[in-house]
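For the protein sequence lines, the chains are A and B, in the order given.
Those letters in the first sequence? Residues 9 to 211, per the working numbering, in order.
Those letters in the second sequence? Residues 26 to 109, per the working numbering, in order.
Report on the structure given below.
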Amino acid sequence: MSGRADEAVEGGDPQQWLQAHGDALYRYAWRRTGQADVAEDLVQETLLAAWQARGSYRGQAQERTWLTGILRHKLVDHLRRSGREAARELKAGVAPDEDFEGDEIEALCFREDGHWRERLQRWDGDPPKAYEVEAFREVVDRCTEGMSSHQREAFRLCLIGELEVAEACEIMAIKRNHLHVLLHRARLALRQCLELHWLAEAQ
Amino acid sequence: MIRITCRRAAELLSRSRDEGLEGMNRLVLAVHLGICSNCRTYSRQLGWIEEALNCPSAAGLSEAARLRIVRVLEEPLPPGPGNE
Chain A
9 MSGRADEAVE
19 GGDPQQWLQA
29 HGDALYRYAW
39 RRTGQADVAE
49 DLVQETLLAA
59 WQARGSYRGQ
69 AQERTWLTGI
79 LRHKLVDHLR
89 RSGREAAREL
99 KAGVAPDEDF
109 EGDEIEALCF
119 REDGHWRERL
129 QRWDGDPPKA
139 YEVEAFREVV
149 DRCTEGMSSH
159 QREAFRLCLI
169 GELEVAEACE
179 IMAIKRNHLH
189 VLLHRARLAL
199 RQCLELHWLA
209 EAQ
Chain B
26 MIRITCRRAA
36 ELLSRSRDEG
46 LEGMNRLVLA
56 VHLGICSNCR
66 TYSRQLGWIE
76 EALNCPSAAG
86 LSEAARLRIV
96 RVLEEPLPPG
106 PGNE
């Protein structure tokens, strides 16, 4: 006896993986993309890749850990690809290092002497819970529309996709310091936008 | 020299969330936060934002996606690893 039946016993069974880990993998991917269709595709690609690579799974890692590792590779590939597409759309525009539009947010938040223009209000509301997080992400998406294109990309890679700084720098082809400035401005912009469009409406 | 502006402090707060700060920057930021309640508020808001973005959704894989994936997994495997 040989073939798929034996392999399934030795190397795992993708239908059983889907059953046992499908939701967890989907949540991992959704949290880092905010897009249900993309997250579903990533889970599918992950299970297929895992099935093809089942020989390399020797049971040292937990099954879930092994699958999540594969999913992370797929996620990085996805972010890299969609980053390239975004870059092509921007090609006629400005290079990241010339993208100065983003510093408007600093002028909005800080006076010339470097102090905050306004007293920041404490946020009383708790961060969104799991059941409201999809509505929250929709607001976040709308907030990113107000960012400069490179701020948005840095935000998408690091704060949504949870990539390492080095990975995002490589994908965006920018230096560390530049990425830090983009993320800093993206956070300022998001803070302001959420105050208006999430916290104000929640209260 | 140990004093920094709020603008600089906000930048360091952001940076510290992405990869931590080296000695001098960590020190000047800590000193600044000790005297500036606005920047402490900002720091808490950044924590709020991070927690909110890291919150997993309650929804799992939809039934339609699950069925689609089941069907894909039943198909014969394409040859070789990596089909891109």
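Every residue gets a Cβ at the ideal spot worked out from N, C-alpha and C, and that includes glycine.
Please read all numbers here as calculations on a predicted model, not as lab measurements.
beta-carbon B:Arg28 near the ligand MG non-hydrogen atom, thresh 6 Å: No copy of the ligand MG appears in this structure; indeed no ligand is present at all.
Closer than 7 Å at the beta carbon, the chain A residues around B:Ala90: Here residue 90 of chain B refers to the residue found at position 65 when the second sequence is read from its first residue. In chain order, Glu48 make up the part of chain A whose C-beta sits under 7 Å from the C-beta of B:Ala90.
Sub-7 Å separation of A:Gly91 and A:Ile168 beta-carbons: As a working mapping, residue 91 of chain A is identified with position 83 in the first sequence. As a working mapping, residue 168 of chain A is identified with position 160 in the first sequence. No, the pair does not count as a contact, with Cβ atoms beyond the cut-off.
Neighbouring residues, chain B, relative to A:Ala138 (Cβ below 8 Å): As a working note, residue 138 of chain A is residue 130 in the first sequence. Neighbours of A:Ala138 on chain B, chain order: Cys80, Pro81, Ser82, Ala83.
A:Ala194 to A:Met155 span [Cα, whole Å]: Taking the first residue of the first sequence as 1, we reach residue 194 of chain A at position 186. Taking the first residue of the first sequence as 1, we reach residue 155 of chain A at position 147. C-alpha of A:Ala194 to C-alpha of A:Met155: approximately 7 Å in a straight line.
Helix, strand or coil at A:Trp131 according to DSSP, with G and I counted as helix: Reading the first sequence from its first residue, position 123 is the one you call residue 131 of chain A. A:Trp131 falls in the coil class under three-state DSSP.
C-alpha gap between B:Arg91 and A:Gly30, whole angstroms: For the purposes of this step, residue 91 of chain B is taken as residue 66 along the second sequence, with counting starting at 1. For the purposes of this step, residue 30 of chain A is taken as residue 22 along the first sequence, with counting starting at 1. Answer to the nearest angstrom: the Cα atoms are 8 Å apart.
Cβ distance (whole Å) where A:His123 is taken to contact B:Cys64 below 8 Å: As a first step, residue 123 of chain A is located in the first sequence; it is residue number 115 there, counting from the start. As a first step, residue 64 of chain B is located in the second sequence; it is residue number 39 there, counting from the start. The C-beta distance from A:His123 to B:Cys64 rounds to 10 Å, too long to fall under 8 Å, and the pair is not in contact.
Integer Cβ distance of A:Ala57 from A:Pro22, believed to fall under 8 Å: On the first sequence, position 49 is the one that residue 57 of chain A refers to. On the first sequence, position 14 is the one that residue 22 of chain A refers to. Actually they do not touch by this definition, with Cβ atoms about 10 Å apart.
Opposing strand residues paired with A:Trp124 [DSSP bridges]: Locating residue 124 of chain A in the first sequence gives position 116, counting from the first residue. The bridge partners DSSP lists for A:Trp124 are A:Phe118.
7 Å Cβ cutoff, B:Ser41 in contact with chain A: Position 16 of the second sequence holds residue 41 of chain B. No - not a single Cβ of chain A is within 7 Å of the one on B:Ser41.
Rounded straight-line distance, which links the Cα of A:Leu198 to that of A:Asp49: For this step, residue 49 of chain A is matched to residue 41 along the first sequence. For this step, residue 198 of chain A is matched to residue 190 along the first sequence. Computed Cα separation, rounded: 28 Å.
Option nearest A:Glu53 by Cα separation, candidates A:Cys201, A:Trp25, A:Trp206: Locating residue 53 of chain A in the first sequence gives position 45, counting from the first residue. Of the listed residues, the one whose Cα sits closest to A:Glu53 is A:Trp25.
Selected residue, minimal CA-CA separation from A:Trp206, among A:Arg119, A:Asp121, A:Glu140: Taking the first residue of the first sequence as 1, we reach residue 206 of chain A at position 198. The residue among A:Arg119, A:Asp121, A:Glu140 with its C-alpha nearest the C-alpha of A:Trp206 is A:Glu140.
Exposure of B:Ile27, with buried meaning 16 or more beta-carbon neighbours within 10 Å: Looking up residue 27 of chain B in the second sequence gives position 2. Flag for B:Ile27 reads exposed.
Neighbouring residues, chain D, relative to A:Val173 (Cβ below 8 Å): The question asks about chain D, but that chain is absent: this structure's protein chains are A and B.
Top-ranked residue by Cα proximity to A:Gln27, from A:Ala37, A:Asp134, A:Val51: Here residue 27 of chain A corresponds to residue number 19 of the first sequence, with the count starting at 1. Ranking the options by Cα distance to A:Gln27, first place goes to A:Val51.
Selection from B:Leu98, B:Glu99, B:Pro101, B:Ala34 that minimises the alpha carbon distance to B:Cys6: Since the first residue of chain B shown is 26 and the last is 109, residue 6 of chain B is not available in this structure.
From A:Gly20, A:Leu196, A:Leu204, residue whose alpha carbon lies closest to that of A:Leu116: Taking the first residue of the first sequence as position 1, residue 116 of chain A is located at position 108. It is A:Leu196.
Beta-carbon contacts of A:Gly11 that lie in its chain and below 7 Å, excluding the five residues immediately before and after: For this step, residue 11 of chain A is matched to residue 3 along the first sequence. Annotation note: pLDDT 42 at A:Gly11 (below 50); position unreliable, no value reported.
Simplified DSSP state of A:Thr41, which is helix, strand or coil: As a working note, residue 41 of chain A is residue 33 in the first sequence. Here A:Thr41 sits in helix by DSSP.
7 Å Cβ cutoff, B:Glu36 in contact with chain A: Position 11 of the second sequence holds residue 36 of chain B. Yes, its Cβ sits closer than 7 Å to a Cβ of chain A.
Chain B contacts made by the stretch 112-126 of chain A, where a contact means CB separation under 8 Å: Answer in chain order: Glu114, Cys117, Phe118, Asp121, Gly122, His123, Trp124.
B:Glu75 versus B:Ile29 - alpha carbon distance: Taking the second sequence and counting its residues from 1, one reaches residue 75 of chain B at position 50. Taking the second sequence and counting its residues from 1, one reaches residue 29 of chain B at position 4. Answer to the nearest angstrom: the Cα atoms are 25 Å apart.
Contact set between B:Ile94 and chain A, taken where Cβ atoms lie within less than 7 Å: What you label residue 94 of chain B is simply residue 69 of the second sequence in a count that begins at 1. For B:Ile94, the chain A residues whose Cβ falls inside 7 Å of its Cβ are Leu26, Val51, Gln52, Leu55, in order along the chain.
Contacts that B:Leu98 makes with chain A (C-beta to C-beta distance below 8 Å): Counting from 1 along the second sequence, the entry for residue 98 of chain B is found at position 73. Correct list: Pro22, Gln23, Leu26, Leu55, Leu56, Trp59.
Residues in the stretch 55-77 of chain B having any Cβ partner in chain A nearer than 7 Å: Residues passing the 7 Å Cβ filter: Asn63, Thr66, Tyr67, Gln70, Leu71, Trp73, Ile74, Glu76, Ala77.
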